[in-house]
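Here is the structure we will look at.
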Amino acid sequence: MFTNSDKYNDLPSDEEEITLIKHVKTNTSNLNVKVLGVVVKTISSIVKQVGISLINFSENAIKVSEISDNEYFTNLESLILQINPSNCVLAIPKDSLDYKRINHVISVCNLKTTFKFITNKEIDTLDGI
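Going left to right, the sequence shown walks through residues 263 to 391 as this note's numbering numbers them.
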């Protein structure tokens, strides 16, 4: 679906993003749709900085936050269970240990996920994403 290539490799164009949002809004039986976006920056082997965005279609709201988490992403898991999003988009390097651990958390929470694989050098700061 993503055809536009640039610095972040496979980012969707504005038109594709609008198409995706329209698809999510029209293909759901209720309007209680929440899409969670997650990006991870490794501070140390134990401490992870997790950038989170939540798009809530029923409230027409976008909420953004940043949390510190441990190596097993227990805070992220707790957040997912509390929010109960319908879909999650992850921007994470595929070859990292974080990918395996977050993928496990996502599967335990039974959450539908879309991955957007990026390289480690592209995540210098969470501000630029």
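We put the CB at the ideal spot given by N, CA and C, even for glycine. Please read all numbers here as calculations on a predicted model, not as lab measurements.
What are the start and end residues of the alpha helix (DSSP H) that includes residue i?
| i | result |
| --- | --- |
| residue 448 | In the structure as shown, the chain begins at 263 and stops at 391. Residue 448 is therefore absent and cannot be evaluated. |
How many whole angstroms separate the CB atoms of residue i and residue j, which I take to be in contact at a CB cut-off of 8 Å?
| i | j | result |
| --- | --- | --- |
| residue 350 | residue 373 | 5 Å |
| residue 335 | residue 296 | Actually they are not in contact, since the Cβ atoms of residue 335 and residue 296 sit about 19 Å apart, beyond 8 Å. |
Per DSSP, what kind of secondary structure is residue i in: helix, strand or coil?
| i | result |
| --- | --- |
| residue 359 | helix |
| residue 390 | Since pLDDT at residue 390 reaches only 48, below the 50 mark, its modelled position is unreliable, and the value read off the structure follows with that caveat. Looking at residue 390 - three-state DSSP - the assignment turns out to be helix. |
| residue 365 | helix |
| residue 295 | coil |
| residue 376 | strand |
Can the beta-carbon of residue i be found less than 8 Å from the beta-carbon of residue j?
| i | j | result |
| --- | --- | --- |
| residue 298 | residue 354 | no |
| residue 302 | residue 357 | no |
| residue 314 | residue 329 | yes |
| residue 300 | residue 343 | no |
| residue 308 | residue 337 | no |
| residue 339 | residue 367 | yes |
Quick check on the DSSP output: the beta strand (DSSP E) that includes residue i runs from which residue to which?
| i | result |
| --- | --- |
| residue 318 | 310-318 |
| residue 305 | That residue, residue 305, is in no beta strand (DSSP E); it is neither H nor E in DSSP. |
| residue 350 | 349-354 |
| residue 333 | Premise fails: residue 333 is in no beta strand (DSSP E) and is neither H nor E. |
### Message
Tell me whether the region 359-373 and the region 316-332 touch, counting them as touching only if at least three CB pairs, one residue from each stretch, are closer than 8 Å.
### Response
no
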